[in-house]
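K.L.:
If you scroll down you'll find the structure; I have some questions about it.
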Amino acid sequence: MPFSILGLGTVVVDHQVRLQLLPEPDTKAEVLSDCYQVGGPVPTSLALLSRFGAETSFIGKWSTDEWGEMIELDLSRSGVSTGSALVSPAVRSGFAHVWVEAETGRRSIAAYRGSHLVESEELEGVNWAAYQALHLDGWSTEAAIEAAQQMKAAGGRISVDLGSPKPNLETLVGSVDWVNCPLRLLETLYPGEDIEKAGRRLIEMGASEVTVTNGDAGAWLIGVGGMKYQRAFSIQAVDTNGAGDVFSGAMIYGAFKEWGPERRLRFASAAAALKCCAVGNREALPTLKQVESFLLEEN
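Here full-length UniProt numbering is used: position 17 in the sequence shown is 17, and no number is missing along the way.
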C-alpha cells in the first residue's frame, strides 16, 4: 500500500542554460542549449516519490500567470496533487536562472522565490490525518513550523531539506524528525567544526537524524548509531541540479520501507547519482527499478 506525503515549500520555474564553462564575472559565454522546467526542493522530491509509487500532494503559492500555469501542468504530469495549493493573480510566481556547466554538471543559480510566503493561517483547511509524512524546505518558515507541529500531532513523520540558514532555525529543526543539508550549510552555521559535531548541533535542537551531502565527496548520516559515510558513485555527471532534492526523496522512501541507515544512505546516493547522468528536473528522475539495477551493478 503506498504511503501518502504532503510537501510545503518553494516552487519556481527554472530557465536552465547549458554552457561549456561557467563564466567568470564580467565575461561572456556561448549558450549551448536552454530549456524551461519546474524546480524547487520539495516539488522535485515529491515528483521522485510519485514515480516510486507514493501518493504526493504539494502546498505552495504561485500566480495565475504563465509561470503559474507551467507549475500546475508540471506537478499534474508528475502525479503531485495541488488541491491545497494557493493560487492568486495578486502574487508573482517564483523563477530561477540556472547555469549548468556541460563538462562537469556543476551549476550556479539565481532564484526569485515568489512575491508572497505561505502564511500559517492559510493552512487551516489541511486534513493532516490524511498524510503519513510532511516534507519541507524551511521557506515560509512560520508556516513550515506550524505544518510540522500539526503533522506531529497527527502522528506523521517530518523532514526538512535545508539549503541555507533560515529564521527561527532552532524551532524549525526542533519540529522535525530528519534534517538534510549540504556540507556548506553546516560550515556556514558552525565554522571550524567537523561534520559529526556540527550535525549533532542540529540533533541537539530536536531532530533525530541528520544527513549531510557534499556532491562527489559523498554523504554522511548522523544519528543514534553514530556517523555513517557513503562514497559518491563514479558517474559522468551532466546536470547536478536537483541532485540533493532526489537524495531527500529517496531517503524518505527508504524510511517508509523501514530500511536501516546504511541502506537508506546508499539508496539515496544511488538515486542522486542517476539523476546527475541526464539533463532535467523531471526527465532525469530515475525509476525505482533503475536505482535497484544500478545498485546491483555496483555490488
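C-beta: ideal position from N, C-alpha, C; glycine also.
#1: What's the C-alpha gap between Leu136 and Leu123?
#2: Among Ser76, Asp161 and Ser140, which one has its Cα closest to the Cα of Asn168?
#3: Note down the Cα distance separating Leu22 from Ala153, rounded to an integer number of angstroms.
#4: State the DSSP-derived secondary structure class of Trp178, mapped to helix, strand or coil.
#5: Helix, strand or coil for Asp26 per DSSP?
#6: Please report the residue range of the beta strand (DSSP E) in which Phe95 lies.
#7: Assuming Gln16 contacts Gln37 (C-beta within less than 8 Å), just tell me the rounded distance between them.
#8: Quickly, what does DSSP pair Tyr112 with across the bridge? List them, please.
#9: List in chain order: all unbroken alpha helix (DSSP H) runs of 4+ residues lying wholly within the segment 145-189.
#10: Provide the residue span of the alpha helix (DSSP H) that contains Leu285, from first to last.
#11: Classify Gly105 as helix, strand or coil using the three-state DSSP reduction.
#12: Around the C-beta of Ala110, are 16 or more other C-beta atoms found within 10 angstroms, so that it is buried, or is it exposed?
#13: Under a Cβ-count criterion, where at least 16 other Cβ atoms within 10 Å of its own Cβ denotes burial, should Glu101 be classed as buried or exposed?
#14: So, are the CB atoms of Thr213 and Ala207 less than 8 Å apart?
#15: Taking the straight line between their C-alpha atoms, what separation do you get for Arg263 and Val12?
#16: Answer yes or no: do residue 302 and Ala143 have a C-beta to C-beta separation smaller than 8 Å?
#17: Taking 7 Å as the limit between beta carbons, can you name the residues of its chain near Glu66, skipping five residues before and five after?
#18: So if DSSP puts Lys61 in a beta bridge, which residue, or which two residues, is it bridged to?
#19: Measuring CB atoms only, is the segment 83-93 touching the segment 46-64, in the sense that at least three cross pairs come out at less than 8 Å?
#20: Have a look at Ser269 and Glu297 and give me their C-alpha separation to the nearest angstrom.
#21: State buried or exposed for Gln236, treating a residue as buried only when at least 16 other CB atoms are found within 10 Å of its CB.
P.N.:
So, from the data block:
#1: Within the sequence shown, numbered from 1, the residue matching residue 136 stands at position 136. Within the sequence shown, numbered from 1, the residue matching residue 123 stands at position 123. Cα to Cα, the separation comes out at about 14 Å.
#2: For the purposes of this step, residue 168 is taken as residue 168 along the sequence shown, with counting starting at 1. With distances taken between Cα atoms, Asn168 lies closest to Ser140.
#3: Counting from 1 along the sequence shown, the entry for residue 22 is found at position 22. Counting from 1 along the sequence shown, the entry for residue 153 is found at position 153. Spanning the two alpha carbons is a distance of roughly 46 Å.
#4: For this step, residue 178 is matched to residue 178 along the sequence shown. Of the three classes helix, strand and coil, the one that applies to Trp178 here is strand, per DSSP.
#5: Against the sequence shown, residue 26 aligns to sequence position 26. If DSSP states are grouped into helix, strand and coil, Asp26 belongs with coil.
#6: The residue given as residue 95 occupies position 95 in the sequence shown. Here the beta strand (DSSP E) through Phe95 covers Gly94 to Glu101.
#7: Taking the first residue of the sequence shown as 1, we reach residue 16 at position 16. Taking the first residue of the sequence shown as 1, we reach residue 37 at position 37. Confirmed, about 6 Å.
#8: The residue given as residue 112 occupies position 112 in the sequence shown. Paired residue(s): Phe95.
#9: 169-174 and 183-189
#10: Here residue 285 corresponds to residue number 285 of the sequence shown, with the count starting at 1. Neither: Leu285 is in no alpha helix (DSSP H) and is coded neither H nor E.
#11: The count along the sequence shown starts at 1 and reaches residue 105 at position 105. The answer is coil: DSSP assigns Gly105 none of H, G, I, E or B.
#12: If you number the sequence shown from 1, residue 110 lands on position 110. Exposed, because fewer than 16 other Cβ atoms sit within 10 Å of the Cβ of Ala110.
#13: Working through the sequence shown from its first residue, we reach residue 101 at position 101. Buried.
#14: Taking the first residue of the sequence shown as 1, we reach residue 213 at position 213. Taking the first residue of the sequence shown as 1, we reach residue 207 at position 207. No, these two residues do not count as a Cβ contact at 8 Å.
#15: As a first step, residue 263 is located in the sequence shown; it is residue number 263 there, counting from the start. As a first step, residue 12 is located in the sequence shown; it is residue number 12 there, counting from the start. In a straight line, the C-alpha of Arg263 is about 32 Å away from that of Val12.
#16: No answer is possible for residue 302: the residues shown for the chain start at 1 and end at 299.
#17: Against the sequence shown, residue 66 aligns to sequence position 66. No residues qualify anywhere along the chain.
#18: Within the sequence shown, the letter at position 61 stands for residue 61. Its beta-bridge partners are Leu86.
#19: yes
#20: Walking along the sequence shown from the start, residue 269 turns up at place 269. Walking along the sequence shown from the start, residue 297 turns up at place 297. Each residue's Cα considered, the two are about 14 Å apart.
#21: In the sequence shown, the residue the question calls residue 236 occupies position 236. Counting Cβ neighbours within 10 Å, Gln236 comes out exposed, since fewer than 16 surround it.
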